[in-house]
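Numbering (the numbering used here), first residue to last: 925 to 1156.
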């Protein structure tokens, strides 16, 4: 299995440790990227990707290695420490660049063959909202299965995590790695993405004028007819 990991901070702390533990248990070819080290550009809101294509983004040259790794991967793992109850800024800045990948615009059919995990840790709270920050994008990209792993570790560094919590982490990564391997190689999409696909399909067919280039992209892929991105 090919695994691409994108870490929401440069330091290799609690969240990175959990994500790596999971990736190693799943096994396979692992590639890692650290934000902001490997990508540090905020979205400019220039609308270029929506009017034309993501490849025309002013930051595309810096994005391209991460995009290639994500498209090649069978499993994506995105992780972030909790910062004020949300994902770290570098992770959100990165995800901001992929608005056109959302199901309501120009989703990529290959996403339906992938699984993903979002990981967040905190000494106290905020894990639920942080994993959801990342899951929002992955689900709306049409990824078939998005797993959420939020953990309260009661520590700032890995070597300070209490033994009972560490044992709980090991059990959770054991279970999750088994689920990922059991679901490998399947096709499909998540319910949230499918709902938005059909809502946008209705809107494109009944409301004029059509929004381009989204409408043309859907027409080219046959989605106004009987074809579906999760069956291609």
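No residue lacks a Cβ here, since even glycine has one placed at the ideal position from N, Cα and C.
Item, Value
"Classify residue 1098: buried if its beta carbon has 16 or more other beta carbons within 10 angstroms, exposed otherwise.", "exposed"
"In angstroms with no decimal places, state the Cα-to-Cα distance between residue 1007 and residue 1020.", "17 angstroms"
"Between which two residues does the alpha helix (DSSP H) carrying residue 946 extend?", "938-950"
"So, helix, strand or coil for residue 1118, using DSSP?", "helix"
"For residue 1063, collect the residues of the same chain with a Cβ closer than 8 angstroms to its Cβ; drop the 5 residues on either side in sequence, then sort them by chain order.", "1070, 1114, 1116 and 1117"
"Per DSSP, residue 1045 is paired with what?", "1005 and 1075"
"Taking Cβ to Cβ, would you say residue 1094 is nearer than 9 angstroms to residue 1050?", "no"
"In the DSSP output, what is residue 1084 paired with across the bridge?", "DSSP, once it has assigned bridges, lists no residue as partnering residue 1084."
"Taking DSSP as the reference, what is the three-state secondary structure of residue 928?", "strand"
"So what does DSSP say about residue 1094, is it helix, strand or coil?", "helix"
"I'd like the list of long-range same chain contacts for residue 1029, defined as Cβ closer than 6 angstroms, with 5 residues on each side in sequence excluded.", "1138"
"Going by the beta-carbon positions, is the gap between residue 1075 and residue 938 smaller than 9 angstroms?", "yes"
"Do three or more CB pairs link the stretch 1037-1054 to the stretch 998-1006 at distances below 8 angstroms?", "yes"
"Can you give me the Cβ contacts of residue 947 inside the same chain, cut-off strictly under 7 angstroms, excluding the 5 residues immediately before and after it?", "927, 929, 954 and 1001"
"Return the chain-ordered list of same chain residues with a C-beta closer than 7 angstroms to the C-beta of residue 1080, the five sequence neighbours on each side being excluded.", "1047"
"Return the bridge partner residues of residue 1067 from the DSSP annotation.", "DSSP lists no partner for residue 1067."
"Let's test the definition: count the other Cβ atoms within 10 Å of the Cβ of residue 982 and tell me whether it reaches 16, buried, or not, exposed.", "exposed"
"Would residue 979 pass as a contact of residue 1022 if the rule is Cβ separation under 9 angstroms?", "no"
"For the stretch 968-999, which segments carrying the alpha helix (DSSP H) assignment without a break, of at least 4 residues, lie completely within its bounds, in sequence order?", "972-975 and 984-996"
"Taking the continuous alpha helix (DSSP H) assigned at residue 1034, which residues delimit it?", "Run containing residue 1034: none; DSSP gives neither H nor E here."
"Count the other CB atoms within 10 Å of the CB of residue 989; is the residue buried (16 or more) or exposed (fewer)?", "exposed"
"Compute the distance between the beta-carbons of residue 1041 and residue 995, then report whether it is under 9 angstroms.", "no"
"Going by Cα to Cα distance, which pick from 1014, 1085 and 1151 is closest to residue 965?", "1014"
"Would you list the residues sitting across from residue 956 in a DSSP beta bridge?", "929"
"Could you tell me which of 949, 999 and 1024 sits nearest to residue 971, measuring between CA atoms?", "1024"
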